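Here the structure comes first, spelled out in structure tokens, and everything after it is commentary.
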């Protein structure tokens with residue numbers, strides 16, 4: 004989808020040709036697909052991904068598909084290419100996304116060249132052992148990845164929980180993140196012990212992205228019909 008063209012200045016300039024979504028596709032499709040592209044080291048991120056998918060699929064007109072990035076295959080790229088929205092998920096290791104997720108992000112440069120994810124929706128979630136764990140850095144990495152691909156970021160859209168004297172530690176968005184979902188579990192607790200508030204927040208994130216994807220599709224259909 005891109006080519007190199009000589010410039011008047013003697014250097015090579017990238018020229019991108021963007022192809023809008025075909026009108027026939029827009030008018031024949033009334034449902035959206037939300038893909039969850041994630042890596043899970045010990046099962047915690049996978050459980051969050053399951054709940055994100057549950058939330059997305061709970062919205063009428065939306066379906067969710069899990070896309071683990073542990074093994075990069077043509078099938079993975081096909082799944083993500085067919086999605087209207089991609090929600091990225093990774094544990095936070097040493098203040099950033101896991102090495103496996105970074106490998107996936109770098110491999111997505113083949114998609115970048117063709118602008119394959121241009122104008123899709125994106126969102127993200129992460130989890131660490133510490134309450135902070137520098138998870139914000141991971142979420143910012145995911146937003147930059149989405150921006151490189153020309154995607155539109157959907158934030159969490161929830162006010163913070165667990166921030167009053169009489170509030171509980173199992174409330175929605177208990178760690179007070181805005182950019183995406185930031186979850187926490189002690190290092191010696193397995194995936195079954197995830198905080199119920201974090202799991203509920205994961206569902207809400209999936210549902211929010213699905214609703215935004217449907218809204219975007221409806222808007223595009225309206226423009227075509229106008």
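Numbering (the numbering used here), first residue to last: 4 to 229. The beta carbon of each residue, even a glycine, is placed where N, CA and C say it ideally should be. In this text the structure is predicted, and so the values were computed from the model without any measurement.
For residue j and residue i, believed in contact at Cβ under 8 angstroms, the rounded distance
i           : j           : result
residue 169 : residue 46  : That pair is no contact at about 33 angstroms.
residue 40  : residue 72  : 6 angstroms
residue 56  : residue 185 : Contact flag wrong, Cβ pair sits at about 19 angstroms.
residue 68  : residue 213 : Actually they do not touch by this definition, with Cβ atoms about 12 angstroms apart.
residue 159 : residue 144 : No, residue 159 and residue 144 are not in contact; Cβ-Cβ is about 16 angstroms, not under 8 angstroms.
residue 161 : residue 197 : Contact doesn't hold; Cβ gap of about 17 angstroms is too wide.
residue 83  : residue 70  : 6 angstroms
residue 173 : residue 187 : Residue 173 to residue 187, Cβ: 12 angstroms. No contact.
Proximity to residue i [Cα-Cα], best of the options
i           : options            : result
residue 37  : 85, 196, 129       : 85
residue 152 : 177, 217, 124      : 124
residue 154 : 58, 81, 91         : 91
residue 54  : 228, 188, 203, 229 : 203
residue 150 : 44, 48, 115, 50    : 115
residue 113 : 133, 102, 79       : 79
residue 87  : 173, 109, 146, 32  : 32
residue 104 : 59, 201, 74, 121   : 74
residue 190 : 146, 76, 132       : 132
residue 178 : 146, 130, 120, 76  : 130
residue 42  : 195, 128, 146, 134 : 128
residue 146 : 48, 60, 89, 66     : 89
Beta carbon of residue i nearer than 8 angstroms to that of residue j
i           : j           : result
residue 157 : residue 126 : yes
residue 64  : residue 226 : no
residue 148 : residue 106 : no
residue 205 : residue 44  : no
residue 102 : residue 142 : no
Residue burial classification, residue i (beta-carbon count within 10 angstroms, cutoff 16)
i           : result
residue 199 : exposed
residue 229 : exposed
residue 215 : buried
residue 19  : Note that residue 19 scores a pLDDT of 43, beneath 50, so its modelled location is shaky and nothing firm can be said.
residue 76  : exposed
residue 267 : The chain is shown only over 4 to 229; residue 267 falls outside these bounds and no answer can be derived.
residue 110 : exposed
residue 50  : buried
residue 195 : exposed
residue 9   : Residue placement at residue 9 is flagged as unreliable, the pLDDT there being 43, under the threshold of 50; the coordinate-derived value follows with that caveat. Answer is exposed; the Cβ neighbour count stays below 16.
Could you tell me whether the segment 211-224 touches the segment 165-180, where touching means 3 or more Cβ pairs closer than 8 angstroms?
no
Does the pairing of the segment 135-147 with the segment 87-105 give three or more beta-carbon distances under 8 angstroms?
yes
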